[in-house]
Structure formats: structure tokens, C-alpha cells
Amino acid sequence: MAFSRRQVNILCADCSSMRVQIMGAGALGSLVGALMQLSGFDVIFVARGKQLSALKNRLRVSGLIEAELDVHAVAKPENADITFVTVKAYDTEEAAKKLAEVDPGIVCSLQNGVGNEEILQKYCDKVLGGVTSYAANLADYGHVVYAGEGLTYVGELDGRMSDEAFKVAEALRRAGIKAEAVSDIQFRIWAKAVVNAAINPITALCKVRNGMVVENDNLWKVARSVAEEGRKVMLKMGYDFDAVSEIKRVAEMTAKNRSSMLQDVEKGKRTEIDFINGAIVEKGREMGIDCPVNETLLHLIKGIERG
Ligand SMILES: NC(=O)c1ccc[n+]([C@@H]2O[C@H](COP(=O)([O-])OP(=O)(O)OC[C@H]3O[C@@H](n4cnc5c(N)ncnc54)[C@H](OP(=O)(O)O)[C@@H]3O)[C@@H](O)[C@H]2O)c1
């Protein structure tokens, strides 16, 4: 998708009356917020540290589009019509507590991992689940690279098709983001977690790009075991998911990418492993299904995080 300068300046009347908030304006949040602001929404960027200072100056977008924006960047959330949560999973609880101090409107997670929505529900009234395959990286504080277009799904956790889910999907679409309201968001959250459970830790531990998970027989053997464990857990939950085929498809489609977990490990940052492999192990334990390969990967990554 490409915006011309002229298009960027055209404000959509309906959008400008809607306040959209980005809770955690890092890579993904800055991209979603920028696309929404460029389409005329009134956007609040909640950030912290050096990213907050940089955003107070301006937000630069490069990659699939080029844009520079003056943004409303703040340290604390404000009242809004829709709040997208884009903090890392381990920061969800702290973000949720801050959102509880205001009226965040419809709160929609766009995060990876299992359990974010349940945490948000403890503090916020109206929570939707979300899954996105849009890709963004922070080149520098205040500079996001729009690395790839994808698909975004949002939905009620209980599978109802609600006005709120349609409203959020429609708002994203108005910003040029491919989005759909769905009745199976829980399935999609788990399916993405099972795929990430294979690709992320293997690439992070072996320091390889995603494609190698399929190309290297040894790595593929581990990935298949992770997939099989995830498939069994999901089946017990009532979801029939062909995890092996999907992991192969995603690894091949993103062959040249360096996974976010690989990047986090290289930067010495914390990872989302607890909410990916950790969540599969925990759910398996609850349902009497052993997940030894997921558990091994969990401990190896946590070992690196602490080492
Ligand atoms: N990036 C992608 O392409 C992509 C695609 C799909 C899904 N996701 C998922 O989306 C989520 C975000 O990923 P990301 O890559 O955008 O991560 P990120 O770049 O680390 O962005 C998260 C941002 O939230 C900030 N933050 C955390 N808690 C905050 C708080 N209480 N108040 C204000 N700011 C806060 C973080 O600040 P600090 O840096 O100080 O911690 C960081 O700037 C993850 O679950 C990820 O798996 C990402």
C-alpha cells in the first residue's frame, strides 16, 4: 500500500471524530498509529523512555511508505474510543492497570502470545482479541520501518459477532489496514502461538533466519515435535489445527526474516517465551498433555535471558 502526499493530507470527516489510542507505541504500535493518523483519525501515542521523547519531536515512517508526522505522544493513557494494546506480552499487566485509570473505550490487543486478553479483562470492561501479521521494526527511537503488509483479525473472545468487533475492524480498514472481524479469534491466537513456538525459539537459539527451520533437517525435526505438541493441546481444546503444515508455510513465506525473538536475544532483551511456549506447556499440563520439547525450548530461552 502506498500513500501519495496528497492522499495523506486528506482527512476523512468520520475518522477525525474518533479518538484512537496506541498503548505501547513501539514498532507495531507506531505503525498502526501512523497509518490511522494519516487516514484522519485523532491518535494518542502512549510511550515511554527514549521512544516517548523522540515521538514528542516527530514520528518518521519508512519502508513501504514514507511519512513524517507530528504526533500526540504521552506517558499515560487518556480517554479514547478505541485503544489498541501493542506492548510486549510481559508488559500487558502494567499497561492494563494504567488503562484502568481512564476510559480507554474498546480495548483491542494486537499482541502475540496467549493470555494478554485475559489480563486486560481483569482491568478493562470491553476487551477484544486481535492477531496481526503486519510487520514493523524500530530503526531508531521515533523511526518505524513498515516492513510488511499482512492481515489483521479482531474478535470477541467468546466468539460473538459484536458491533464493537465490526467497529474496530472498520476503523482499521479506513486506515488502509487489511482487517476483518471474526468469530474464532481464540483459535487464531492459539494457532499463531503454536507457529511462533516453533519458529521463534529455534531461530533465536540457533541464530538463523526463519527459512532454516524448514531447510535444516535437524531443526525441522525439532519444529515438527513442537508442532505436534501444540496440535495435541489445541485438539484437546476443540481446535483442529494442522500445525506442521502451517509452520512450514510460515517459515517458507518468511524465510529471509529474522524472528523477533532472535532480535530480542541478540539485544539481550526479555522475550515473550512465557506467553508462547510457556502458555502451551501450561495449558498442556492443565489437560494432561506433556509438552517436553516446548518445555525444553522455554527453559533454554529463559536460561539465555537470565545469563
Ligand atoms: N513488530 C511487529 O512486526 C509485530 C507484528 C505482529 C505482532 N507483534 C506483537 O506486538 C507486540 C508489540 O511488539 P513490538 O515489536 O511493537 O514491540 P516494541 O517495539 O517493544 O513495542 C512495545 C512498546 O511498548 C512500550 N511500553 C511497554 N509498556 C509501556 C507502558 N506501560 N507505557 C508506555 N509504553 C509502554 C515499550 O517501551 P520499552 O521499549 O521501554 O519497553 C515499547 O516501546 C508484541 O506482542 C509482538 O509480539 C509485533
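Residue numbers for the sequence shown follow the working numbering, beginning at -5 and rising by one.
No residue lacks a Cβ here, since even glycine has one placed at the ideal position from N, Cα and C.
task = Could you tell me which residues DSSP puts in a beta bridge with residue 102?
result = 78 and 122
inquiry  = Looking at residue 20: is its Cβ nearer than 8 angstroms to the Cβ of residue 139?
reply    = no
inquiry  = Do residue 75 and residue 37 have their beta-carbon atoms positioned less than 8 angstroms apart in this structure?
reply    = no
ask   = Curious, which full-length alpha helix (DSSP H) runs of at least 4 residues does the stretch 6 to 81 contain?
value = 7 to 10, 21 to 32 and 43 to 51
key: C-alpha distance - residue 236 paired with residue 70, whole-angstrom precision   = 41 angstroms
ask   = Should residue 112 go down as buried or exposed, given a rule of 16 or more other Cβ atoms within 10 Å for buried?
value = exposed
ask   = Can you round the beta-carbon distance between residue 148 and residue 124 to whole angstroms, since I take them to be within the 8 angstroms contact cut?
value = 5 angstroms
message = Any heavy atom of ligand 1 inside 7 angstroms of the beta-carbon of residue 128?
response = yes
task = Tell me, please, which residues DSSP counts as bridged to residue 134.
result = 137
query = Do residue 168 and residue 11 come within 8 angstroms of each other at the CB atom, strictly closer than that value?
reply = no
Euclidean distance between Cα positions of residue 199 and residue 83 = 20 angstroms
message = Which residue wins for smallest C-alpha separation from residue 105, given the options 208, 68 and 182?
response = 182
request  = Would you kindly check if the distance between the Cβ of residue 67 and the Cβ of residue 367 is under 8 angstroms?
outcome  = Because the chain here runs from -5 to 301, residue 367 falls outside it and cannot be looked at.
query = Would you report the Cα separation of residue 159 and residue 212, rounded to the nearest angstrom?
reply = 42 angstroms
inquiry  = Is the beta carbon of residue 227 closer than 8 angstroms to that of residue 278?
reply    = yes
query = How long is the line joining the alpha carbons of residue 114 and residue 49, rounded to whole angstroms?
reply = 25 angstroms
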